[in-house]
Amino acid sequence: MSTVGMRVLVSGASPDNQNRNAVLRDYVTEGFSLLDGVTRAISSPLEFAAERAEQFQPNLVVCFGSCMPDDAEYARLRRYCTQHGAPMVFWLHDDPYEFDYNYKISAVADIVFSNDRWCAEHYSHPFARHLPLAASHRAHWREITAAKDISIFFCGVAFSNRKRLLGDLRRTLQSHDAVIMGDGWPADLPFCSNQRLPNDQLSDHYARARVTLNMGRDFHYANDRFKLEPSTPGPRTFEAAMAGTTQAFFVESLEIADYYRPGKEILLYNSAAEFAQLMDEVLTDSDRCLDLAAAAQRRTVQDHTYQVRARQILEVVEEWRSFSR
34 MSTVGMRVLV SGASPDNQNR NAVLRDYVTE GFSLLDGVTR AISSPLEFAA ERAEQFQPNL
94 VVCFGSCMPD DAEYARLRRY CTQHGAPMVF WLHDDPYEFD YNYKISAVAD IVFSNDRWCA
154 EHYSHPFARH LPLAASHRAH WREITAAKDI SIFFCGVAFS NRKRLLGDLR RTLQSHDAVI
214 MGDGWPADLP FCSNQRLPND QLSDHYARAR VTLNMGRDFH YANDRFKLEP STPGPRTFEA
274 AMAGTTQAFF VESLEIADYY RPGKEILLYN SAAEFAQLMD EVLTDSDRCL DLAAAAQRRT
334 VQDHTYQVRA RQILEVVEEW RSFSR
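Right, here's the structure in full:
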């Protein structure tokens, strides 16, 4: 499919009053706008998307986000796409945690992308594909310097699996003055503080950290049908790498090796003893730590930006068109 003169509307998949990740939609829009031949890409909340479509006349509509909220309604946007021959694409970013709600889009989506590879295998939709999230060079890139004043860093919600893991890593984290931020952390983890960071400050903290912890979550909203385990790393993986930190990834799925080379672009561990050994190695070897961070950043710029993901969406749209002719 030629992208010459293409106009892309990136809509929320749920209304913005229930959308905690609206900023990610702007990154997706930015990714399309950077592609050669895309005349213009615009972002719209779902509640205004049908009107924006009539005004803007896009020839591709991408609904990005979560379809779980009850007031996520797509009929008017679907009508526009049908009348104008524009593919209606969904890119869902909360699988597997909301997997059971994907029935809501099965009749309206021409193409479905799931952020999780294992979930994509379980969709009944004929054009379901896997597409991980990514990073924005504009928003997340930071210059890598040796002047890093945080040894070990993490910011996120204190899901039960994370609390258990940090409890296991307590001795190493305390010995290296780790900085753990976010929501819901208990007082018995003294290196944790309940303080949120906006997205730009989060990338600044990644850049200041020699090592950033990468931990998944075990809190599911609607994942009862197949009880799927997450396989694909989340967007923070790519954002942290773009900001220039070395990541220590707690291994629950080896899919991470498809995105970053273990030992070269990311550090992997699955026990407290392995973590302690890794920290003793990299926190006493500044050159190796910086080399890992730089390699991960280069890989992210090359393979894991929203511009790269937007190009992949267009490739699948072309595949869909060839089947629909």
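When we follow our numbering, the leftmost residue of the sequence shown carries the number 34, and every step to the right adds one. Backbone N, C-alpha and C fix where the C-beta goes; we use that ideal spot for every residue, glycine too. Keep in mind that this is a model prediction, so the values were computed, not measured.
*asked:* I'd like the ranges of any beta strand (DSSP E) spanning at least 3 consecutive residues and lying wholly in the stretch 180-213.
replied: 183-190
*Nearest to Asp291 by CA position, among Arg241, Phe187, Thr270, Ile75, is which residue?*
Counting from 1 along the sequence shown, the entry for residue 291 is found at position 258. The candidate whose alpha carbon is nearest that of Asp291 is Thr270.
*Beta-carbon proximity check, His158 vs Ser184, cutoff 8 Å*: Taking the first residue of the sequence shown as 1, we reach residue 158 at position 125. Taking the first residue of the sequence shown as 1, we reach residue 184 at position 151. No.
*Do Val61 and Tyr339 have their CB atoms nearer than 8 Å?*
Translated into positions along the sequence shown, residue 61 becomes position 28. Translated into positions along the sequence shown, residue 339 becomes position 306. Their beta carbons are under 8 Å apart, which means Val61 touches Tyr339 by this criterion.
_Please report the distance separating the alpha-carbon of Tyr302 from that of Arg250._
The residue labelled residue 302 in the question sits at position 269 within the sequence shown. The residue labelled residue 250 in the question sits at position 217 within the sequence shown. Rounded to the nearest whole angstrom, the CA to CA distance from Tyr302 to Arg250 is 16 Å.
*What is the rounded straight-line gap between the Cα of Tyr113 and the Cα of Met101?*
By 1-based counting over the sequence shown, the position of residue 113 is 80. By 1-based counting over the sequence shown, the position of residue 101 is 68. For Tyr113 and Met101, the distance between alpha carbons rounds to 22 Å.
*For Asn329, which option in Tyr136, Tyr130, Val244 has the closest C-alpha, if you only look at C-alpha atoms?*
One-based indexing of the sequence shown puts residue 329 at position 296. Here the sequence assigns Ala to residue 329, which means Asn is not the residue at that position. Residue Val244 is the option with its Cα nearest to Ala329.
*asked:* If you follow the alpha helix (DSSP H) that Gln228 is in, where does it begin and where does it stop?
replied: Here residue 228 refers to the residue found at position 195 when the sequence shown is read from its first residue. Premise fails: Gln228 is in no alpha helix (DSSP H) and is neither H nor E.
*Ala240 vs Thr205 beta-carbon contact at 8 Å*: As a first step, residue 240 must be located in the sequence shown, where it is residue number 207. As a first step, residue 205 must be located in the sequence shown, where it is residue number 172. Going by C-beta atoms, Ala240 is not nearer than 8 Å to Thr205.
_Tell me the residue span of the beta strand (DSSP E) that contains His155._
What you label residue 155 is simply residue 122 of the sequence shown in a count that begins at 1. It is not in any beta strand (DSSP E) - His155 carries neither H nor E in the DSSP assignment.
*asked:* Once the 5 residues before and after Arg58 are set aside, which same chain residues still bring their CB inside 7 Å of it?
replied: Position 25 of the sequence shown, counted from the first residue, corresponds to residue 58. Excluding residues up to 5 positions away in sequence, Val43, Gly45, Ser76, Phe97, Gly98 lie with their Cβ nearer than 7 Å to the Cβ of Arg58 in the same chain.
*8 Å Cβ cutoff met for Arg203 and Gly215*: Locating residue 203 in the sequence shown gives position 170, counting from the first residue. Locating residue 215 in the sequence shown gives position 182, counting from the first residue. For Arg203 and Gly215, no; Cβs fall outside 8 Å.
_Do Asp149 and Pro120 have their beta-carbon atoms positioned less than 8 Å apart in this structure?_
The residue labelled residue 120 in the question sits at position 87 within the sequence shown. The residue labelled residue 149 in the question sits at position 116 within the sequence shown. Contact: no.
*Following the continuous alpha helix (DSSP H) through Phe243, name the residue where it begins and the one where it ends.*
Numbered from its first residue, the sequence shown carries residue 243 at position 210. Inspection of the sequence shows that residue 243 is occupied by Arg rather than by Phe. Looking at the DSSP string, Arg243 is not in any alpha helix (DSSP H); the run it does join, the beta strand (DSSP E), is 242-247.
*To the nearest whole angstrom, what separates the beta carbons of Ala327 and Ile177, a pair I think is in contact under 8 Å?*
Working through the sequence shown from its first residue, we reach residue 327 at position 294. Working through the sequence shown from its first residue, we reach residue 177 at position 144. About 6 Å separates the two Cβ atoms, so the contact holds.
*Determine the contact status of Val71 and Val94, defining contact as a CB-CB distance below 8 Å.*
As a first step, residue 71 is located in the sequence shown; it is residue number 38 there, counting from the start. As a first step, residue 94 is located in the sequence shown; it is residue number 61 there, counting from the start. No, Cβ-Cβ distance for Val71 and Val94 is not below 8 Å.
*Cα separation between Asp127 and Glu87?*
Sequence index remark: in the sequence shown, residue 127 carries index 94 (1-based). Sequence index remark: in the sequence shown, residue 87 carries index 54 (1-based). Taking the CA atoms as reference points, Asp127 sits about 29 Å from Glu87.
*Please report the residue range of the beta strand (DSSP E) in which Met121 lies.*
By 1-based counting over the sequence shown, the position of residue 121 is 88. Here the beta strand (DSSP E) through Met121 covers 121-125.
_Can you give me the C-alpha to C-alpha distance between Asp210 and Phe224, rounded to a whole angstrom?_
The sequence position of residue 210 within the sequence shown is 177, counting from 1. The sequence position of residue 224 within the sequence shown is 191, counting from 1. Between the C-alpha atoms of Asp210 and Phe224 there is a straight-line separation of about 7 Å.
*asked:* Suppose you measure from the CA of Gly217 to the CA of Asp104; what does that come to, to the nearest Å?
replied: Working through the sequence shown from its first residue, we reach residue 217 at position 184. Working through the sequence shown from its first residue, we reach residue 104 at position 71. For Gly217 and Asp104, the distance between alpha carbons rounds to 28 Å.
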